[in-house]
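Engineer: If you count by UniProt numbering, then the sequence shown holds residues 1 to 269, one letter each, in order. Positions of the beta carbon are idealized from the N, C-alpha and C atoms, including for glycine.
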Amino acid sequence: MKYLFLILAVLIKCDKRDTHQAKHQNIPQQNTALLVDNSLTMIAKDFEPDRISVLKEAIKKIIEHKKENQAFSIVVFAGNSYILCPLTKDKNKLLSAVNRLNTGIMKLRPGTNFANALLNGISSLSGEFDHKSMILFSDGKETIHSYALEIPLEDAKRNNIAIHSVMITPKDFTILPVTMDMKGNFEFAKMKAEPADSTLMKKISSETNGNFKLFYTKQEIQKFNFSSIIESSHKENRKVSPKVNDNELSKIYMQIQKTNDSLKIIFQK
């Protein structure tokens, strides 16, 4: 009888362990591409010490508190874009990329190109079938139009990728870089801030069932729980009839990949 109880105890323990493992294995992976603006205005000092540093701290916090089932890729963009870190669950690799988040400011083309960044973000999530989303971090409106914005938006909807948009902009005054001396040091000027033009970023999120957030201060960003966006319930995107056929879309992604390959040499210097 003593041995019977011992056998039963072992069987119950094994059953609980197997159940726990099964539950753990059934948790779907959350795949998120973080798209970070590296245009020149991101070194503006109206957010202390500057806009890009404030975003670096916020993204670092996202990575440090990520769950085991969460994978991230990191894309930096300005007039073009580059996959700084491919999709991974490796926290150390992600944190290493976060430390280099501002490296694209002098290596990418001038300007702000949302469409290019979104296409690169979608590309970084390709091959994944579980929960997919992107967070677009920027301080302004698109100034470079290499591709029609409808192209990445339609492809995001087709692949059921929610795009969340995070806009940071001062409410009263901006402290922007205006000139650069021979040594590469920037001079800054304080100017009255223009009203935030969030129309395009709102459109990007609303069309893909994402969220839009606008922050006027560093303190607002520090207080916000970005995990609430990443873990938000994922609604099914409505089906669309793409205006660009698969062959043309494939050519676009091939061009995006060529740009990544050429920029890799520059970013590794």
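Mapping the DSSP letters down to three states, classify Leu176 as helix, strand or coil.
Structural biologist: Residue state, collapsed to three classes: strand.
Engineer: Does DSSP put Gln257 in a helix, a strand or coil?
Structural biologist: Of the three classes helix, strand and coil, the one that applies to Gln257 here is helix, per DSSP.
Engineer: Do you know offhand how far Val76's Cα is from Phe114's?
Structural biologist: Computed Cα separation, rounded: 11 angstroms.
Engineer: Tell me which residues share the same chain as Lys23 and place their Cβ nearer than 8 angstroms to its Cβ, disregarding the 5 neighbours each side in the sequence.
Structural biologist: Note that Lys23 scores 45 on pLDDT, short of 50, meaning its location in the model is unreliable; the coordinates nonetheless yield the value given after this. There are no such residues.
Engineer: Should the stretch 141-159 be regarded as contacting the stretch 212-224, the criterion being three or more beta carbon pairs within less than 8 angstroms?
Structural biologist: Touching, no.
Engineer: Look up Leu35 in the DSSP assignment and give the residues it is bridged to.
Structural biologist: Bridge partners of Leu35: Val75 and Leu136.
Engineer: In chain order, what residues of the same chain have a beta carbon less than 8 angstroms from the beta carbon of Ile91, not counting five sequence neighbours either side?
Structural biologist: Note that residue 91 is Lys in the sequence shown, not Ile. Only Ile63, Glu64 and Lys66 meet the Cβ criterion.
Engineer: Checking the sheet assignment: what are the DSSP bridge partners for Met191?
Structural biologist: Bridge partners of Met191: Thr174.
Engineer: Pull up the CB-CB distance for Gly34 and Ile135, whole angstroms please, since I reckon it's below 8 angstroms.
Structural biologist: Contrary to the premise, residue 34 reads as Leu rather than Gly in this sequence. So it is a contact: roughly 5 angstroms between Cβ atoms.
Engineer: Could you compute how far the alpha carbon of Lys251 sits from the alpha carbon of Phe173?
Structural biologist: Taking the straight line joining both Cα atoms gives about 43 angstroms.
Engineer: Taking the straight line between their C-alpha atoms, what separation do you get for Ser126 and Lys56?
Structural biologist: Looking at the two C-alpha atoms, the distance is approximately 25 angstroms.
Engineer: Here's the rule: buried if 16 or more other CB atoms are within 10 angstroms of the residue's CB, otherwise exposed. What is Gln219?
Structural biologist: With fewer than 16 Cβ atoms within 10 Å of its Cβ, Gln219 is classed as exposed.
Engineer: Assuming Ser81 is part of the alpha helix (DSSP H), what are its boundary residues?
Structural biologist: Premise fails: Ser81 lies in the beta strand (DSSP E), Ser81 to Thr88, not in any alpha helix (DSSP H).
Engineer: Quick one: grab the DSSP three-state call for Lys67.
Structural biologist: The answer is coil: DSSP assigns Lys67 none of H, G, I, E or B.
Engineer: Please report how far the alpha carbon of Ser37 lies from the alpha carbon of Phe188, in whole angstroms.
Structural biologist: Inspection of the sequence shows that residue 37 is occupied by Asp rather than by Ser. Cα to Cα, the separation comes out at about 19 angstroms.
Engineer: Are the CB atoms of Arg51 and Ala58 within a distance shorter than 8 angstroms?
Structural biologist: Their beta carbons are not under 8 angstroms apart, which means Ala58 does not touch Arg51 by this criterion.
Engineer: Which residue or residues does DSSP assign as beta-bridge partners of Leu212?
Structural biologist: Position check: residue 212 holds Phe in this sequence, whereas Leu was assumed. Phe212 pairs with Ser165.
Engineer: Taking just the CA atoms, how far does Glu128 sit from Ala156?
Structural biologist: Spanning the two alpha carbons is a distance of roughly 13 angstroms.
Engineer: Could you check what DSSP says for Gln29 in three-state terms: helix, strand or coil?
Structural biologist: Reduced to three states, the DSSP call for Gln29 is coil.
Engineer: Using the three-state DSSP reduction, which class does Phe186 fall into: helix, strand or coil?
Structural biologist: Reduced to three states, the DSSP call for Phe186 is strand.
Engineer: Can you give me the C-alpha to C-alpha distance between Ser198 and Lys171, rounded to a whole angstrom?
Structural biologist: Between Ser198 and Lys171, the C-alpha separation is close to 13 angstroms.
Engineer: Note down the Cα distance separating Asn247 from Thr169, rounded to an integer number of angstroms.
Structural biologist: Rounded to whole angstroms, Asn247 to Thr169 spans 39 angstroms at the Cα level.
Engineer: Alpha carbon to alpha carbon, how far is Lys190 from Glu68? Give it in angstroms, no decimals.
Structural biologist: Those two C-alpha atoms are separated by around 44 angstroms.
Engineer: Flag this pair as yes or no: are the beta carbons of residue 337 and Asn211 separated by less than 8 angstroms?
Structural biologist: One cannot answer for residue 337 here, as it falls past the ends of the chain, which runs 1 to 269.
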